[in-house]
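All letters in the sequence shown, in the order written, are residues 3 to 331 by the working numbering.
Where is the CB? At the ideal position from N, CA and C, for every residue including glycine.
Computed from a predicted model, the values in this text were never measured in an experiment.
Notes for the one structure printed next.
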Amino acid sequence: MTNNNQQFLIQHEEFNKNFIYPSINNINTQQVITLYENFKKILPHSQKYSKDLKVRRNLSDILDEFDVLFLDAFGVINIGDQLIPRIIETLNIARDRGIYIIILTNGATFCSEKKINQFYKLGLEFSYDEVISSRDATERFLSTHLKPSKIGVLGNKDEELNIKNSITIELSKDIEQFDEMDTFIFLGTSYWDSDFQDLLKDSLTSNPRPFFVSNPDIVAPHKDFFSIEPGYFTLKLINEGINLPLWFGKPFSTIFEMALEKVQFITGSSINMSRIGMVGDTLHTDILGANSIGIKSILMTKYGLLRNQNIASCIKKTGIIPDYLIEGP
3 MTNNNQQFLI
13 QHEEFNKNFI
23 YPSINNINTQ
33 QVITLYENFK
43 KILPHSQKYS
53 KDLKVRRNLS
63 DILDEFDVLF
73 LDAFGVINIG
83 DQLIPRIIET
93 LNIARDRGIY
103 IIILTNGATF
113 CSEKKINQFY
123 KLGLEFSYDE
133 VISSRDATER
143 FLSTHLKPSK
153 IGVLGNKDEE
163 LNIKNSITIE
173 LSKDIEQFDE
183 MDTFIFLGTS
193 YWDSDFQDLL
203 KDSLTSNPRP
213 FFVSNPDIVA
223 PHKDFFSIEP
233 GYFTLKLINE
243 GINLPLWFGK
253 PFSTIFEMAL
263 EKVQFITGSS
273 INMSRIGMVG
283 DTLHTDILGA
293 NSIGIKSILM
303 TKYGLLRNQN
313 IASCIKKTGI
323 IPDYLIEGP
């Protein structure tokens, strides 16, 4: 079939052919970091040129430095179905000081309304204006930039995606159905398996065309394990020669631009970028994204991807330097 979306370039990139792709079984933090590093040239470039790093114990110790805080969800707000200790108290203090809070999550399986309900069940209240997901960024960008298309959707556990002037179809394990699609959107991995991986690879190999990945995360931290996320499977496809996708979550700019626009709309004025902080647990997504967009980056280390790691070694290995280093809320 013909490509209905020639405005999105079909690009390929070669990587280290000797790289051994890690198994999903018992994947660990250092393997995740190495995986991000192997594909680093497709990630945004940092605009942070200072190597200054301020070490503080908790987020509450640096609240006076900010007017706006963007916070990651997994590893900062919660670990699985458990809230991180003191997060409620710290968010209450921030709000009492007039700090505007927005949750920026790469999770795309559910819409933001359901994420708000999930937070509420954990004891946290957020308004619709305080949560932006990579799913939101996907819907908004493609509604504006995608020509009318037949879109194959992978990993959705919610209502239909709202992409203007396009048809979204939940894909089954049927190569003919895959091949009929103009493009694909990869949301989540709840029902992902090797069959879906092979179908997507085969379809894109026989007919390269644009595809879109909402969630660039390789893993998400839970109490005793890491769940495997779309970034892992997408990078594996790229490693096997598939054309590059367009990404929407952190560290890429679309979700940050959406958040900055919302801040300006809500506050009615522009905020000094040095007074906006991104709190996250992952160097290659939260911190690199903040550094590349020009806001302050705050790495929380105690509960997420980097728990029990030598943080100085991780920073040296990646060359991604946060503005602030904290343990918890």
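Using CA atoms only, rank isn't needed, just tell me which of the options is closest to residue i.
| i | options | result |
| --- | --- | --- |
| Asp332 | Gln266, Leu307, Ser272 | Past the edges of the chain, shown from 3 to 331, lies residue 332, and the structure says nothing about it. |
| Thr303 | Asp74, Gly100, His147 | Asp74 |
| Asn60 | Phe72, Phe250, Arg88 | Arg88 |
| Lys378 | Ser52, Ile322, Cys113, Ser151 | There is no way to answer for residue 378, as the model of the chain reaches only from 3 to 331. |
| Phe143 | His286, Asp63, Gly321, Phe250 | Phe250 |
| Pro223 | Phe17, Pro24, Asn30 | Asn30 |
| Pro324 | Asn293, Gln311, Gln32 | Asn293 |
| Leu285 | Val34, Lys149, Leu237 | Val34 |
| Tyr193 | Leu327, Lys203, Glu182, Ser174 | Ser174 |
| Ile278 | Thr256, Leu37, Ser52, Asp66 | Asp66 |
| Asn108 | Ser52, Ser136, Leu85, Ile322 | Ser136 |
| Asp219 | Leu290, Ile153, Ser151 | Leu290 |
| Tyr326 | Thr111, Glu172, Thr236, Asp54 | Asp54 |
| Ser151 | Ile64, Asp63, Phe186, Glu115 | Phe186 |
| Ile104 | Phe121, Phe76, Glu115, Val133 | Val133 |
| Phe17 | Gly282, Lys319, Ile240 | Ile240 |
| Lys225 | Tyr305, Gly157, Lys149 | Tyr305 |
| Phe235 | Ser48, Lys50, Ser196 | Ser196 |
| Thr256 | Ile64, Ala139, Glu115 | Ala139 |
Please report the straight-line C-alpha distance between residue i and residue j, rounded to a whole angstrom.
| i | j | result |
| --- | --- | --- |
| Arg211 | Phe188 | 14 Å |
| Ile26 | Phe228 | 9 Å |
| Lys19 | Ala261 | 37 Å |
| Thr4 | Met280 | A caution first: Thr4 carries a pLDDT of 42, below 50, which makes its placement in the model unreliable, though a value can still be read off. Spanning the two alpha carbons is a distance of roughly 41 Å. |
| Thr146 | Asn167 | 10 Å |
| Pro46 | Ser299 | 15 Å |
| Ile297 | Gln199 | 36 Å |
| Arg58 | Asp184 | 49 Å |
| Lys264 | Asp131 | 8 Å |
| Ser315 | Thr191 | 30 Å |
| Leu71 | Tyr102 | 6 Å |
| Val155 | Leu206 | 14 Å |
| Ile79 | Phe10 | 35 Å |
| Lys43 | Glu127 | 38 Å |
| Gly125 | Gly330 | 18 Å |
| Ser276 | Asp69 | 9 Å |
| Lys117 | Gly243 | 34 Å |
| Asn274 | Gln266 | 11 Å |
| Ile22 | Thr269 | 48 Å |
| Lys123 | Leu85 | 10 Å |
| Ser52 | Ile322 | 11 Å |
| Gln32 | Pro253 | 19 Å |
| Thr36 | Glu141 | 31 Å |
| Asn119 | Ser129 | 10 Å |
| Pro24 | Ser271 | 46 Å |
| Arg309 | Glu162 | 36 Å |
| Asn94 | Gly157 | 34 Å |
| Phe121 | Ile230 | 21 Å |
| Lys56 | Asn28 | 33 Å |
| Gln49 | Thr320 | 15 Å |
| Leu202 | Gly77 | 30 Å |
Any C-beta of chain D sitting closer than 7 Å to the C-beta of residue i?
| i | result |
| --- | --- |
| Arg58 | Any reference to chain D falls outside this structure, which holds one protein chain only. |
Among all the DSSP beta bridges, which residues are the ones paired with residue i?
| i | result |
| --- | --- |
| Met302 | Ile328 |
| Thr185 | Ile153 |
| Lys56 | Tyr326 |
| Met280 | Phe72, Ser299 |
| Asn310 | Partner(s): none; Asn310 has no beta bridge. |
| Thr191 | DSSP output for Thr191 lists no bridge partner at all. |
| Phe214 | Ile187, Leu248 |
| Gln120 | Note: Gln120 sits in no beta bridge, so no partner. |
Please report the Cβ distance between residue i and residue j, rounded to the nearest whole angstrom; I am assuming they are in contact, meaning their Cβ atoms lie under 8 Å.
| i | j | result |
| --- | --- | --- |
| Leu1 | Glu39 | As displayed, the chain neither begins before 3 nor continues past 331, which places residue 1 out of reach and without an answer. |
| Asn217 | Gly233 | 7 Å |
| Phe258 | Ile295 | 4 Å |
| Leu248 | Phe214 | 5 Å |
| Ile171 | Leu148 | With 8 Å as the limit, Ile171 and Leu148 do not qualify as a contact, their Cβ atoms being about 14 Å apart. |
Examine the Cβ distances between the segment 83 to 99 and the segment 173 to 188 and report whether three or more of them are shorter than 8 Å. no
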